[in-house]
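Heads up: the structure comes next, in structure tokens.
Rendered as structure tokens:
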């Protein structure tokens with residue numbers, strides 16, 4: 231209890247100084263193994279209290295509703311959040327992405343963006359991994375974008391093959407492999423909209 235009072239006191243002081251603290255919790259799926267119901271309620275209180283106004287950002291595969299312990303109360307932790315699900319880039323998103331790259335002083339040609347699109351499709355994560363590898367290699371050697379890109383593609387193919395088994399295991403652990411197979415291969419026979427959003 232003493233720790234909680236101390237945390238509140240610090241957050242109030244930060245708020246009085248005109249700042250707002252943002253706490254980011256990555257891999258929040260582990261929260262159900264670490265936090266109990268009181269901890270979830272304490273986080274909700276810190277976020278809702280005008281004197282503390284703690285901003286919370288959680289990153290998880292499961293929804294907060296799935297992670298929070300059931301308590302039967304009407305005020306649940308997950309209700310203070312807005313879900314933002316990862317999704318594929320649309321054409322507008324891709325244009326914004328490449329414009330942001332250019333604004334950072336990196337000149338990319340249409341042939342390069344087409345090549346990146348060919349290998350990454352509309353996947354934001356794959357595009358970031360691809361560009362990260364290419365741009366890091368450019369800064370570490372003489373600039374030969376074509377050769378660097380070919381080398382990066384070979385390296386990433388090997389990395390993806392090495393990660394494939396862990397990806398499949400994660401899908402099985404999360405119980406989404408059956409839904410994903412139905413969406414990709416078919417036939418679709420028992421998928422709900424919620425299953426699609428989770429996968």
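Numbering (the working numbering), first residue to last: 231 to 429. All residues carry an ideal CB built from backbone N, CA and C; glycine is no exception. All values derive from a computational prediction rather than experimental measurement.
| query | result |
| --- | --- |
| From residue 296 to residue 338, what distance separates their C-alpha atoms? | 42 Å |
| In terms of residue numbering, what span does the beta strand (DSSP E) encompassing residue 253 cover? | 252 to 255 |
| Do you know how far the Cα of residue 268 is from the Cα of residue 274? | 10 Å |
| Which one of 422, 287, 279 has the shortest CA to CA distance from residue 259? | 287 |
| Span of the beta strand (DSSP E) holding residue 293? | Counting along the chain, residue 293 falls outside any beta strand (DSSP E), and DSSP gives it neither H nor E. |
| Candidates 422, 242, 342: which alpha carbon is nearest residue 284's? | 242 |
| Please confirm whether residue 299 and residue 266 have their CB atoms less than 9 Å apart. | yes |
| Taking 6 Å as the limit between beta carbons, can you name the residues of its chain near residue 308, skipping five residues before and five after? | 294, 295, 298 |
| Could you spell out where the beta strand (DSSP E) holding residue 343 opens and where it closes? | Note, residue 343: premise wrong, no beta strand (DSSP E); alpha helix (DSSP H) at 340 to 350. |
| So, at 7 Å on beta carbons, what are the nonlocal neighbours of residue 345 in its own chain, with the 5 sequence-adjacent residues on each side left out? | 379 |
| Drop a sphere of 10 angstroms on the beta-carbon of residue 329, count the other beta-carbons inside from all chains shown, and report buried for 16 or more, exposed for fewer. | exposed |
| Secondary structure at residue 288, three-state DSSP: helix, strand or coil? | strand |
| In the DSSP assignment, the alpha helix (DSSP H) including residue 415 goes from what residue to what residue? | That residue, residue 415, is in no alpha helix (DSSP H); it is neither H nor E in DSSP. |
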